[in-house]
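Per the numbering used here, the very first residue in the sequence shown carries number 469; after that it's consecutive.
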Amino acid sequence: MAVDNRMIGGVLLVSGTTIGAAMLALPVSTGLAGFIPTACLFVGYWALMTYTALLMLEVTLWNKSTTNLVSMTYSTLGRWGESVAWVLYLFLLYSLTTAYMAGSSPIFRDVVRSATGYLMPAWAGPLPLLLIFGIFVYQGTRAVDMINRILMIGLVVAFAAMVAIIAPSVEKKLLYHIEWRYLVVSVSLVATSFGFHIIIPTLTAYMDHDVAKLRRAILIGSVIPLFVYMIWNGLALGVIPISGPDGIINGYTKGSNGVQLLTAILGTTQVTIIGRFFLFFAIVTSFLGVSLSLRDFLADGLGIEETPKGRVVLYLLTFFPPLIVVWTSQRAFLSALEFAGAFGVVTLLGILPAMMAWSGRYKKKFLSEYETPGGKPALVIVMIVCICVIFIEIINKIGLIE
């Protein structure tokens, strides 16, 4: 059977966009609840976000002339929906692009210092990401697909190496810790860990609106991160104790990530080195998916054509505003991820697709070759669950949950 290159590329774009730097923080954020409650939360979020991704696909197929959410929102929800989508979508995409640019800075500075002994100034840290990998975004989806495949191989190799190093030290008894009440602490981070919907409009055009292939790409591409998260969390929580100087509680208080705690416990720098490689591949693959979506969003919303001049304008509009934020904010990485947390992700990628599907199906009477199963009850359940997630995050942020 012939290999479908675009199908493979679609799966890898979904997986690459989903798996980001936040994964390394999952053990500390979720460890208070324990492996089993967290595994249930992962599966629940995966089911919710995959379903809303299929809703996004359905809505995208109603609007074959465009590859962007703003136009789709206008056709289903009208002018008010378009305005809301403009603000929220731009906010989310710029926040994530800023986060990945800021997160790449120390990586490139360390590489240059290790290779040459020269310490790059802080302002130059994000530039390699823009000058090397931003060029693929400038060229468009096909170029991003090609480089993303190579980077995903690196991501898989780095992950496999981490598994090989950590697995022999796992203690099963640590995986039996269960505290369901602490799941509320993990709501925001886990929400951002399953958001890949931003790539769907671009992916739909790239795969020539082939419904069967798109569904498979979404389902397979979203299952891969689920298994990666489960394995990574199981390994980390099987090594890191709850208490102690290098335990979950102390790590959560200090803001440490899973790699830092594992390095201290295992007494080896191998975890740190491989963790840096994994972090690099995770940041760059997510950066490519997010910034490509931002580029297409701006092209559609501002009516910029795919000419050489238009591509230069899109490149500057995509990367210059986040670069200014990175240059002026010392906490750009963490602040941007916080801004793009549960509220932005769940509102844009959960509630909005359900509202667009409801309006398109039952008010506008749009017809498509694909309709996500579940009908009205499923759409209502999705919106209720998303509102509950936002409510939990709000009361958590204002300190009502101790």
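All C-beta atoms in this analysis are idealised placements derived from N, C-alpha and C, irrespective of residue type, glycine included.
Computed from a predicted model, the values in this text were never measured in an experiment.
Roughly how many whole angstroms lie between the Cα atoms of Thr786 and Ala822?
28 Å
Given 8 Å, three or more beta-carbon pairs between the segment 649–662 and the segment 770–778
no
Cα separation between Asp764 and Met620?
One alpha carbon belongs to Asp764, the other to Met620, and they sit about 22 Å apart.
Gly502 classed as buried or exposed, judged by whether at least 16 other C-beta atoms fall within 10 angstroms
Around the beta carbon of Gly502, a 10 Å sphere encloses 16 or more other beta carbons of the protein chains shown; the residue is thus reported as buried.
Report the three-state DSSP secondary structure of Asn864 (helix, strand or coil).
It is helical.
Thr840 in three-state terms, based on DSSP:
In the displayed model, Thr840 falls within coil according to three-state DSSP, outside both helix and strand.
Among Lys844, Leu687, Val538, which residue has its Cα nearest to the Cα of Thr518?
Nearest of Lys844, Leu687, Val538 to Thr518, Cα basis: Leu687.
Whole angstroms are fine: how far does the CA of Leu599 sit from the CA of Met614?
17 Å
Check whether the segment 777–785 and the segment 526–546 touch, using three or more Cβ-Cβ pairs below 8 Å as the test.
no
Identify which residue in Thr498, Ser827, Thr740, Leu558 has its Cα closest to the Cα of Ala666.
Reading the sequence as shown, one finds Ile at residue 666 and not Ala. When each option's Cα is compared against that of Ile666, the closest is Leu558.
Going by C-alpha distance, which of Lys641, Phe601, Ile858 is nearest Phe748?
For the residues Lys641, Phe601, Ile858, the minimum Cα distance to Phe748 belongs to Phe601.
With a threshold of 16 other CB atoms inside 10 Å of the CB of Tyr674, please say whether the residue is buried or exposed.
buried
Report the rounded CA-to-CA distance for Ile710 versus Leu642, giving the unit in angstroms.
Distance between Ile710 and Leu642, taken at the CA atoms: about 8 Å.
Could you check what DSSP says for Thr737 in three-state terms: helix, strand or coil?
coil
Beta-carbon proximity list for Gly622, same chain, < 6 Å, skipping 5 on both sides
Non-local C-beta neighbours of Gly622 in its own chain, meaning closer than 6 Å and more than five positions away in sequence, comprise Phe749, ordered along the chain.
Would you mind working out which of Leu703, Val552, Leu509, Leu522 sits nearest Ser836, comparing C-alpha positions?
Leu522
Runs of 4 residues minimum, wholly inside the segment 752–808: which ones carry the alpha helix (DSSP H) assignment?
776–796, 800–807
Proximity of Tyr650 and Leu500 at Cβ, strictly below 8 Å
yes
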